[in-house]
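Below is one structure, written out as C-alpha cells, with a few remarks after it.
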Amino acid sequence: MRRALKGLIVAVAAVALAPAAAHAEGYVSPWASANGGSGFDNGRAGFGFDIGGMGGGIIGGELDFGYSPSFFGTQNDFGNNTVINLMPNLIVGIPIGGTHGAGVRPFVTAGAGWLRTQIDGGTLAHVSSSNNQWGWDAGAGLMGYFNDHFGLRGDVKYIRGFENLNTGNQVIDLTGNNQLHFWRADIGVVIR
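Heads up: take any position in the sequence shown, counting from 1, add 631, and you land on the numbering used here.
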C-alpha cells in the first residue's frame, strides 16, 4: 500500500508541476460539507478543498481532499475518529457565459484515489484502528462566478471504498454494504 501511495503522490505532483497551457483555467475551492448515507450517524460535517484546472473549455482535472472528523459518531462513543479522502478526478463542465467574467459552469466529476479511516477508542469502540484503502468518487455540481476571479461552488459526491470491511479484500462491488460508502454535499468559494 505504501508503494501505491507513493505512486499516487508522484503522479499528483507531476500534474501539479507540469506547465499549464496559456488558455487553462486554474482554480482552488475550499469547502465545508455534510456527510450522510453511510450507515453511521448522518449529517456529520467535513471540510477540505478542490484544486484543479479546466483546459480548453470543458475538460479538466482536479484533486479533491476531504477531512471528516467524528465521521463514525461522537468522540465519547468512538474517540477520535476520522475519514480522509484524496482523489484525483476528471472534471467535465460546460462554461455558460464563457470562461471570463460572470458565468456558471455545471459539471460532473469522477476519479479514484486514497481513503483513510481512523478510530481511537471511545466507550463503544474499545480498539484503535486505522485503515488505508483505495476508493472512488463520482458527483455533479455547479460553479458560479461573479467576476473573473471569484465565485461559489457546490456539489454532491458519492464516495466508496474498494475494500470489503469484513474480509479486508479489495473488491469491485457497487451494491455491497460491507464497504465504506457515503454521500457528501459541499459548498464553498471558488477562486480562479
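Where a beta carbon is used, it is the ideal one built from N, C-alpha and C, also for glycine.
Residue i to residue j span [Cα, whole Å]
{"i": "S760", "j": "F680", "result": "26 Å"}
{"i": "G710", "j": "E794", "result": "23 Å"}
{"i": "A665", "j": "A676", "result": "5 Å"}
{"i": "G766", "j": "L811", "result": "9 Å"}
{"i": "V739", "j": "G752", "result": "38 Å"}
{"i": "T705", "j": "D817", "result": "21 Å"}
{"i": "G819", "j": "Y776", "result": "12 Å"}
{"i": "G734", "j": "N778", "result": "8 Å"}
{"i": "M718", "j": "N707", "result": "30 Å"}
{"i": "G667", "j": "G770", "result": "14 Å"}
Burial state of residue i (16 or more Cβ within 10 Å)
{"i": "G729", "result": "exposed"}
{"i": "I722", "result": "buried"}
{"i": "I727", "result": "exposed"}
{"i": "F781", "result": "exposed"}
{"i": "G732", "result": "exposed"}
{"i": "V714", "result": "buried"}
{"i": "V787", "result": "exposed"}
{"i": "I725", "result": "exposed"}
Bounding residues of the beta strand (DSSP E) (the contiguous stretch that carries residue i)
{"i": "F738", "result": "G734 to D751"}
{"i": "D768", "result": "S759 to Y776"}
{"i": "I682", "result": "R675 to G686"}
{"i": "I689", "result": "Counting along the chain, I689 falls outside any beta strand (DSSP E), and DSSP gives it neither H nor E."}
{"i": "S701", "result": "S701 -> no beta strand (DSSP E), and no H or E assigned at all."}
{"i": "F781", "result": "F781 to G792"}
{"i": "P661", "result": "E656 to G667"}
Limits of the unbroken alpha helix (DSSP H) element including residue i
{"i": "Q810", "result": "First-last for Q810: undefined, no H or E at that position."}
{"i": "D708", "result": "Q706 to F709"}
Chain C within 8 Å of residue i, Cβ atoms only
{"i": "Y776", "result": "Protein chains in the displayed structure number just one, and chain C is not present."}
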